[in-house]
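Add 33 to the 1-based position in the sequence shown for the working numbering, that's all there is to it.
For reference, the structure discussed in these notes is given below.
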Amino acid sequence: MSGEGKTGARLLVDTLEANGVERVFLVPGESYLAVIDALADSPIDTVLARQESGAAFMADAVGKLTGKPGICMVTRAPGAMNAAAGLHVAEHDSTPMILFVGQIERGFRERGAFQEMDFRKVFGSVAKWVAEIDTPDRVVEMVNRAFAVATSGRPGPVVLVLPEDMLVEEAPAVDVRPATVVETHPGLNQMWDLQKRLWAAERPIAILGGSRWSEKAVRQFARFAEKFDLPVACSFRRQMLFDHLDPHYAGDVGIGINPALQKRIRDADLVLLVGGRMAEMPSQSYTLFDIPFPTQAFVHVHADAEELGRVYRPDLAIHASGTAFAAAAESLEPPPGDIRWKDWTAAARADYLAWSEDLPSTPGAVQMGKVMAALRARLPDDVIIANGAGNYATWIHRFWRFRKFATQAAPVSGTMGYGLPGAIAAALQFPERRVVSFSGDGCFQMNSQELATAMQSGAKLVAFVVDNGIYGTIRMHQEREFPARVHATTLVNPDFAALARAHGAVGLTLARDEDIETVIDEALAVDGLVLVHVLTAPEAITPTTTLTKLRETALAKK
């Protein structure tokens with residue numbers, strides 16, 4: 034104790050500083066004005082979002098890209114509920130995040146006070162821990178615990194509720210130290226067991242996913258894969274975990290999976306799943322592996338013991354983070370003599386290249402394949418790609434070459450509206466790097482107001498809005514299930530380039546194939562915020578089919 038008293042708000046900001054927080058994303062509210070006042074005297078950057086879901090997505094993106102909790106602050110009930118979408122993304126995606134929520138005065142509880150809400154009940158199923166800080170003398174303790182909980186085991190979001198009157202009360206000042214991140218390491222016997230299983234295998238494959246990775250760990254796992262000549266796939270929207278130009282990369286296990294990769298995983302005799310949970314999307318609706326006992330020998334590595342055996346019963350369960358496992362795996366020895374599965378690995382690589390190298394032609398005046406080709410030729414290896422949810426994202430998953438760690442910010446939960454806020458957070462966190470966002474027209478309009486946040490905060494990025502005038506993914510399913518009955522999936526959109534210009538950004542329109550390279554070069558030359566409005570045809574619903582084909586196939590089954 035230093036003896037001098039500080040308010041709960043000041044103690045909170047002190048604890049954020051001690052834990053290395055660089056910025057917070059917030060929408061202000063009277064319920065936590067004392068914290069906003071304390072931030073005014075702090076080196077922490079305050080990013081003023083326009084809506085709470087955008088602020089929460091920004092915090093989630095920081096957590097994804099850095100492994101440290103992203104910080105979001107919102108006011109009570111309506112603000113908190115707006116932030117719920119981002120909270121769910123963090124929970125589903127295993128992203129460390131802390132959401133601070135202003136609250137009514139303690140003496141008003143249970144009266145139905147203005148915007149009163151029981152946040153333990155509301156967020157108890159989506160957050161790792163929800164707590165209300167009743168007295169200022171517990172602020173440091175509970176905020177530090179929030180950092181530990183958010184980053185330990187399977188990372189996720191924590192919600193801390195801040196009664197308005199508590200924030201202005203004083204408590205003795207504390208010499209704050211940062212929280213300790215708990216790293217879980219694999220046992221030596223488990224690693225020997227894995228080595229023996231690999232030596233006995235004929236058709237092994239590794240799948241990387243989840244969080245708790247680092248740039249160093251990604252490099253270490255790549256060296257392990259090279260030593261064992263092991264084919265490596267990445268789980269849904271975890272593609273930054275392995276270099277796509279590495280000859281061992283076999284593709285992504287997600288929505289629209291390469292059929293050849295799907296068959297290869299089913300035919301494997303050993304699957305090494307590191308960090309991921311193999312939930313609905315990567316598991317192809319829980320059909321890729323038998324439940325509870327996979328047909329393949331199944332080795333599961335995860336930082337949270339509760340995930341080991343939760344859905345799939347592994348033959349070998351290794352309780353370790355991806356970071357710790359990669360360090361240990363690098364020391365394993367490959368089987369003596371020639372590796373039996375060399376041809377298997379080479380075939381996996383050939384399948385990936387056949388699936389992703391040739392960019393297909395689709396209906397419409399603008400070919401997304403040509404857009405991807407132009408970007409491939411121009412963007413650096415460390416570019417950060419952010420996107421939301423929608424069929425347009427298939428072009429990124431299948432055709433973009435992720436090369437480095439911390440280059441992908443996208444919701445595994447499939448949440449729309451993420452691309453622009455995620456890119457803003459990335460641009461502020463890594464101002465020296467190129468940042469590009471992709472959004473569909475429906476996806477973009479869920480958080481298009483964050484253009485103002487980007488301008489005010491000085492975030493430099495290129496935002497592509499792929500506009501086909503429909504909710505594409507929903508329309509795709511509509512044609513499959515209710516062919517020729519189009520209802521509530523058509524969009525009448527604004528001129529997105531003009532909208533960008535109204536915010537003070539550069540707005541460009543891409544409406545013809547012959548303009549692709551010119552428009553992209555102009556966009557990349559902008560030192561600031563630029564939006565490219567890409568006009569595509571609704572017929573080009575995926576890289577491999579059209580709406581008409583979907584409808585005809587569905588009608589034929591009726």
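Glycine included, each C-beta is placed from N, C-alpha and C at the ideal position.
Here the structure is a predicted model, which is why all the values come from computation and not from measurement.
- Following the DSSP letters along the chain, one finds Asp285 inside the beta strand (DSSP E) bounded by residues Tyr282 to Val286.
- In the structure shown, Pro111 falls within a helical segment according to DSSP collapsed to helix, strand and coil.
- If the five residues before and after Ala492 are omitted, its C-beta is found closer than 7 Å to the C-beta atoms of Ile457, Ala460, Leu461 and Leu562, all from its own chain and listed in chain order.
- Bounds of the beta strand (DSSP E) holding Asn420 are Ile417 to Asn420.
- About 7 Å separates the Cβ atoms of Thr577 and Pro393, confirming a contact at the 8 Å cut-off.
- In summary, Trp225 is exposed, with fewer than 16 beta-carbon neighbours lying within 10 Å of its beta-carbon over all protein chains present.
- In this structure, the straight-line span from the alpha carbon of Val307 to that of Pro516 is close to 40 Å.
- Under the three-state reduction of DSSP, Ile324 is assigned to coil, being neither helix nor strand.
- Ser75 is positioned such that its CB atom lies closer than 8 Å to that of Glu50.
- Exclusion of the five residues before and after Asp546 leaves Ala398, Val399, Gln400 and Lys403 as the residues of its chain whose Cβ lies within less than 8 Å of its Cβ.
- DSSP places Lys39 in the uninterrupted beta strand (DSSP E) bounded by Gly38 to Thr40.
- Fewer than three beta-carbon pairs drawn from the stretch 536-545 and the stretch 501-509 are found closer than 8 Å, and the two stretches are therefore not classed as touching.
- For Leu580, the CB contacts under 8 Å within the same chain, skipping 5 residues up- and downstream, are Arg508, Met509, Glu512, Pro571, Glu572 and Ile574 in chain order.
- Separation of the CB atoms of Asn420 and Gln84 is rounded to 19 Å, and the pair is thereby denied contact status at 8 Å.
- Distance check between Leu303 and each of Asp279, Ala361, His333 and Cys476 places His333 closest, using alpha-carbon atoms only.
- Unbroken beta strand (DSSP E) runs of no fewer than 3 residues, entirely contained in the stretch 365-431, are found at 417-420, following chain order.
- Looking at Thr448, Asn177 and His520, the one whose alpha-carbon comes closest to that of Ala94 is Thr448.
- For Arg56, the enclosing beta strand (DSSP E) stretches over residues Arg56 to Leu59.
- Remark: C-beta atoms of Gln295 and Asp285 do not approach each other more closely than 8 Å.
- Contact annotation, Val107 with Ala88: C-beta distance approximately 7 Å; criterion of less than 8 Å satisfied.
- When secondary structure is reduced to three states using DSSP, Ala116 falls in the coil class, being assigned neither helix nor strand.
- Contact check for Pro315 against Ser268 passes: the beta carbons are separated by less than 8 Å.
- Taking 8 Å as the upper bound for CB-CB distance, Ser472 and Val495 are not in contact here, some 12 Å apart.
- Fewer than three pairs of CB atoms, one per stretch, sit closer than 8 Å, so the stretch 55-75 makes no contact with the stretch 178-193.
- Excluding residues up to 5 positions away in sequence, Ala283, Gly284, Asn291, Ala293, Leu294 and Arg297 lie with their Cβ nearer than 8 Å to the Cβ of Asp384 in the same chain.
- Taken in chain order, the whole alpha helix (DSSP H) runs of length 4 or more contained in the stretch 263-307 are 292-300.
- Rounded to the nearest angstrom, the gap between the Cα atoms of Asp391 and Arg431 is 11 Å.
- Assignment of Ile503 by DSSP, reduced to helix, strand and coil, places it in the strand class.
- In the DSSP assignment, Gln489 falls within the unbroken alpha helix (DSSP H) covering Glu483 to Ser490.
- Within the same chain, Ser64, Arg109, Ala146, Phe147, Gln148, Glu149, Pro196 and Glu197 come within 8 Å of Ile137 by CB-CB distance, once the 5 residues on both sides are set aside.
- By alpha-carbon distance to Thr328, the top candidate from Glu340, Met311, Arg346 and Ala312 is Arg346.
- Within its own chain, the residues whose Cβ lies closer than 6 Å to the Cβ of Pro444, once the five positions on either side in sequence are excluded, are Val122 and Tyr451, listed in chain order.
- In this chain, the beta strand (DSSP E) harbouring Met130 covers Met130 to Gln136.
- When the beta-carbon positions are compared, Leu81 and Val46 stay at least 8 Å from each other.
- Segment contact: the stretch 406-416 against the stretch 247-267, fewer than three CB-CB distances shorter than 8 Å; contact not assigned.
- Note on Gly96: 16 or more other CB atoms within 10 angstroms of its CB, so buried under the neighbour-count rule.
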